[in-house]
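All residue numbers in the sequence shown are consecutive under the working numbering, ending with 181.
Quick reminder that beta carbons are idealized off the backbone N, C-alpha and C, glycines included.
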Amino acid sequence: MREVYGRRDFAIIGELVDPGTRVLDLGCGDGDLLAWLKEHKDVDARGVERSGTRVQKAIARGVSVYQGDLESALVDYPDQAFDYVILSRTLQETRYPLQVLQEMLRIGRRGIVAFPNFGHYGVRLSMLRSGHAPKTELFPHDWWDSPNIHFFTVQDFENLAHRQNWNLERRIFLSGQRQVTWLPNLMAEIAVYLVSSNPA
């Protein structure tokens, strides 16, 4: 499976985004994904990032990035302002994930959500063997130094989507270089969803 800037989830997101669309990336970091989408998909690329240093790097790459906290910044955007709103490996770091998801589906026609699956068997085994908060390649931080404040699984996300009556248009699950098609809650390291909301 191919990668974009060393990230398999970026490659999948790149395939999900249609050319020439309006894209907002929440927690966009250095703007790697936005710059790639701008160059290869000719999108109108915008981002929100908390770190001033990362915002400067993103701007230097030629993408329009706003410095701010994504949880408070989203209320300023009008409904359906974007074709896609991307949240890649950021949801588990937000204080109010449901609010963030609701807002991204308000301001975007579709949301693309990618997250590390805390239900992966490697995470489970790490905790079982050590008796401590899990540390794996995807979760290398100590519990007291981790940016992750919500530990959820593929099944948790799908249960929430069902409760909120969201459409899960696409589901892609990854483990290493492979795509997972069997028992994703146990076998997937990364989950990528294309999500939309049902009209009220």
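Out of the options, which one is the CA nearest neighbour of residue i?
i, options, result
"D(-10)", "G28, S178, E170 and S45", "E170"
"L68", "P59, V81 and D57", "V81"
"D11", "G157, V46, Y102 and D60", "V46"
"S127", "Q136, D137 and K116", "K116"
"E30", "W17, D23, S53 and L18", "S53"
"G49", "I130, D57 and G43", "D57"
"P176", "M108, R105 and I88", "Before going on, a small fix: residue 176 reads as Val here, not Pro. Ranking the options by Cα distance to V176, first place goes to I88."
"W125", "H113, P78, F63 and E118", "H113"
"D23", "V44, P180, S178 and V36", "V44"
"L119", "Q145, V104 and M108", "V104"
"E20", "T71, Q83 and P0", "P0"
"R35", "L109, F63 and L14", "L14"
"Q145", "G33, L79, L18 and T71", "L79"
"T71", "F63, Q83 and L51", "L51"
Would you grab the beta carbon distance between residue i and residue j for me? Rounded to a whole angstrom, and I think it's under 8 angstroms.
i, j, result
"L164", "M85", "No, L164 and M85 are not in contact; Cβ-Cβ is about 28 angstroms, not under 8 angstroms."
"V135", "A95", "12 angstroms between Cβ atoms; not a contact."
"F99", "F138", "That belief does not hold up - the Cβ atoms of F99 and F138 are roughly 10 angstroms apart, past 8 angstroms."
"G28", "C9", "3 angstroms"
"Q61", "P97", "Not really, about 29 angstroms apart at Cβ, beyond 8 angstroms."
"I130", "R76", "7 angstroms"
Within the continuous beta strand (DSSP E) that includes residue i, where are the two ends?
i, result
"A169", "No beta strand (DSSP E) contains A169, which DSSP labels as neither H nor E."
"G(-5)", "It is not in any beta strand (DSSP E) - G(-5) instead sits in the alpha helix (DSSP H) that spans R(-11) to L(-3)."
"W147", "W147 to S156"
For the alpha helix (DSSP H) holding residue i, just list the boundary residues, first then last.
i, result
"E52", "L51 to A54"
"V161", "Run containing V161: none in the alpha helix (DSSP H); it sits in the beta strand (DSSP E), R159 to V161."
"S212", "Look at the range of the chain in this structure, -18 to 181, and you will see that residue 212 is not part of it."
Apart from the five residues just before and just after residue i, which ones in its own chain have a Cβ nearer than 8 angstroms to its Cβ?
i, result
"M(-18)", "Caution is warranted here: a pLDDT of 46 is assigned to M(-18), below 50, making its placement in the model unreliable, and no coordinate value can be reported."
Tell me, which residues are paired with residue i by DSSP?
i, result
"G92", "V66 and V176"
"A39", "Paired residues: none, contrary to the question."
"A26", "V4"
"P97", "I171"
"S45", "R27"
Near residue i, what residues of its chain come up, given a Cβ to Cβ distance below 6 angstroms and the 5 sequence neighbours on each side ignored?
i, result
"L167", "Y102"
"A142", "L149"
"R42", "G12 and A16"
"I153", "I(-7) and V173"
"S178", "L86 and W147"
"D25", "R3"
Looking only at its own chain, which residues have a Cβ that is under 7 angstroms from the Cβ of residue i, when we skip the five neighbours before and after it?
i, result
"Y65", "V(-2), T2, V4, G89, R91 and I93"
"T162", "none"
"P180", "none"
"S107", "P115, K116 and T117"
"Q37", "none"
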